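**Q** At position 202 of the sequence shown the residue is numbered 432 (my numbering), and the sequence of numbers has no breaks. Positions of the beta carbon are idealized from the N, C-alpha and C atoms, including for glycine. All of these numbers come straight from a predicted model, not from anything done at the bench.
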Amino acid sequence: MRRAALPAASLAVVTLTAAAGMGRLFAGLAFLLPVVVAVLVGHGLAFAGRRLGLGTTATFGLCALGVTMAVVWLILPSSTVDGIPWSGTVHAFSSAISHARMDFAQLTAPAPATKGFLLIAMYSVGMAAALADWAAFRTGGTLEALIPSFTIVLFTAALGRSAGRALAIAGYVAGVLVFVVVHEADKAAATTAWFASRTRSGAATLAGGGLVLGATAVVAASLIGPHLPGAGAAPVVSLHHDNRIQPSPRITVNPLVDIRDRLVRQSNVEVLTVGAARPAYWRLTSLDSFDGNVWSSSDAYQSVTGSAL
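#1: Quick one, are the C-beta atoms of Leu234 and Pro340 less than 8 Å apart?
#2: For the segment 404 to 415 against the segment 270 to 282, are there 3 or more C-beta pairs whose distance is under 8 Å?
#3: For Gly382 and Glu500, what's the separation of their Cα atoms in angstroms?
#4: Kindly indicate the opening and closing residues of the alpha helix (DSSP H) around Asp363.
#5: Taking the straight line between their C-alpha atoms, what separation do you get for Pro315 and Phe367?
#6: I'd like to confirm the pairing. Which residues does DSSP put opposite Val311 in its beta bridges?
#7: Cutting at 8 Å between CB atoms, please list the residues of its own chain near Ile350, excluding the five before and the five after it.
#8: Any contact of the segment 286 to 294 with the segment 316 to 325, i.e. 3+ C-beta pairs under 8 Å?
#9: Rounded to whole angstroms, what is the Cα-Cα separation between Leu376 and Ala398?
#10: Quick one, are the C-beta atoms of Ala249 and Val265 less than 8 Å apart?
#11: Just curious, the alpha helix (DSSP H) that Phe256 is in, first and last residue?
#12: Who are the Cβ neighbours of Gly371 in its own chain at under 8 Å, not counting the five residues just before and after it?
#13: Does DSSP classify Ala339 as helix, strand or coil?
#14: Among Pro307, Thr247, Pro237 and Phe334, whose alpha-carbon lies nearest the alpha-carbon of His321?
#15: Could you pull out every residue in the same chain whose Cβ sits closer than 6 Å to the Cβ of Gly296, ignoring the five residues on either side in sequence?
#16: Which value, in whole angstroms, describes the spacing of the CA atoms of Trp525 and Thr344?
#17: Have a look at Asp416, Arg254, Met357 and Pro342 and flag the residue whose alpha-carbon is nearest the alpha-carbon of Thr563.
#18: Assign Ala359 to buried or exposed, taking buried as 16 or more other Cβ atoms, counted over all protein chains shown, within 10 Å of its Cβ.
#19: Counting along the chain, where does the alpha helix (DSSP H) carrying Ser379 start and finish?
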């Protein structure tokens with residue numbers, strides 16, 4: 231049990247570092263607890279499914295259910311009845327996602343940790359954890375198990391702010407190296423006949439040497455990399471299309487585009503009538519015509535002199 235848990239724990243660390251790096255997308259730390267819980271739920275239930283002998287489909291279903299309950303309890307607790315998802319929970323889900331779609335079209339990182347953004351982030355990291363566990367321990371792939379978390383890192387790199395980038399990448403690479411060493415050592419221990427059947431010590435020797443080399447590489451890259459020539463230059467391919475000056479603006483549709491047809495179709499309908507107890511000045515002119523692009527007045531005017539009207 232302990233030997234089986236170590237590779238799974240090292241893979242969970244990889245997903246946790248990728249999820250923590252999403253802090254470059256959010257303002258503040260309100261995002262951190264929900265995504266950490268989602269990662270732990272995803273990896274924990276995937277590990278439990280394997281230990282219980284559940285099939286792949288059943289395990290994925292269990293992980294999806296667990297992440298959903300975590301989302302409901304952490305993000306949408308007011309939509310439940312004594313903690314149990316109810317009819318209002320579906321509406322709350324739909325509303326949160328709709329608001330997230332609108333916010334995504336208007337906001338740039340760092341964005342507020344809204345319910346919709348947190349909901350999507352929790353599902354992303356939670357199911358990424360389940361996929362990584364499947365790739366690593368059901369198919370035996372090492373590099374394949376890194377694809378889900380690396381996708382999260384790429385998304386964060388494309389849309390996130392530059393602050394904290396070096397620390398986030400260093401943490402992720404360190405987690406990757408730990409997992410690769412532990413997972414490969416575990417596979418080698420299961421297939422290699424060590425002298426005097428000392429499987430555990432042989433795996434530990436492999437893992438220990440690999441971790442030392444990996445730690446040295448990460449530290450060296452973190453300290454030396456930012457100071458190499460060209461490290462602070464403009465990227466060859468800019469994902470922001472703005473030479474790294476500021477986040478690229480998002481283009482939104484003018485609201486008048488959506489109501490233009492209704493503005494053009496005018497009718498002579500009396501909307502209201504105004505009365506006054508004594509003579510008073512009433513403004514009787516306005517921009518009463520709209521041709522789809524420009525407001526204008528259809529009245530005729532004559533020139534006047536003087537300051538009084």
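**A** Quick look at the numbers:
#1: Looking up residue 234 in the sequence shown gives position 4. Looking up residue 340 in the sequence shown gives position 110. As written in the sequence, residue 234 is Ala, which differs from the Leu given in the question. Contact: no.
#2: no
#3: Working through the sequence shown from its first residue, we reach residue 382 at position 152. Working through the sequence shown from its first residue, we reach residue 500 at position 270. In the sequence under discussion, the amino acid at residue 382 is Ile, which differs from the Gly named in the question. For Ile382 and Glu500, the distance between alpha carbons rounds to 57 Å.
#4: In the sequence shown, the residue the question calls residue 363 occupies position 133. Residues Lys345 to Phe367.
#5: As a first step, residue 315 is located in the sequence shown; it is residue number 85 there, counting from the start. As a first step, residue 367 is located in the sequence shown; it is residue number 137 there, counting from the start. So the alpha carbons of these two residues sit roughly 32 Å apart.
#6: In the sequence shown, the residue the question calls residue 311 occupies position 81. DSSP, once it has assigned bridges, lists Ile314 as partnering Val311.
#7: In the sequence shown, counting from the first residue as 1, residue 350 sits at position 120. Within its own chain, the residues whose Cβ lies closer than 8 Å to the Cβ of Ile350, once the five positions on either side in sequence are excluded, are Ile327 and Ala330, listed in chain order.
#8: Flag = no, the segment 286 to 294 and the segment 316 to 325 do not touch.
#9: Taking the first residue of the sequence shown as 1, we reach residue 376 at position 146. Taking the first residue of the sequence shown as 1, we reach residue 398 at position 168. Here the alpha carbons of Ala398 and Leu376 stand approximately 16 Å from one another.
#10: If you number the sequence shown from 1, residue 249 lands on position 19. If you number the sequence shown from 1, residue 265 lands on position 35. Contact: yes.
#11: Looking up residue 256 in the sequence shown gives position 26. Counting along the chain, Phe256 falls outside any alpha helix (DSSP H), and DSSP gives it neither H nor E.
#12: Residue numbering aside, residue 371 sits at position 141 when the sequence shown is read from its first letter. These residues qualify, in order along the chain: Ala365.
#13: Counted from its first residue, the sequence shown places residue 339 at position 109. Here Ala339 sits in coil by DSSP.
#14: Position 91 of the sequence shown, counting from 1, holds the residue named residue 321. When each option's Cα is compared against that of His321, the closest is Pro307.
#15: Numbered from 1 along the sequence shown, position 66 holds the residue referred to as residue 296. These residues qualify, in order along the chain: Val271 and Leu275.
#16: By 1-based counting over the sequence shown, the position of residue 525 is 295. By 1-based counting over the sequence shown, the position of residue 344 is 114. Looking at the two C-alpha atoms, the distance is approximately 38 Å.
#17: Residue 563 cannot be examined here, being either before or after the span of the chain that is shown, 231 to 539.
#18: Locating residue 359 in the sequence shown gives position 129, counting from the first residue. Ala359 is buried by the Cβ-count criterion.
#19: Here residue 379 refers to the residue found at position 149 when the sequence shown is read from its first residue. From DSSP, the alpha helix (DSSP H) with Ser379 extends over Ile377 to Leu389.
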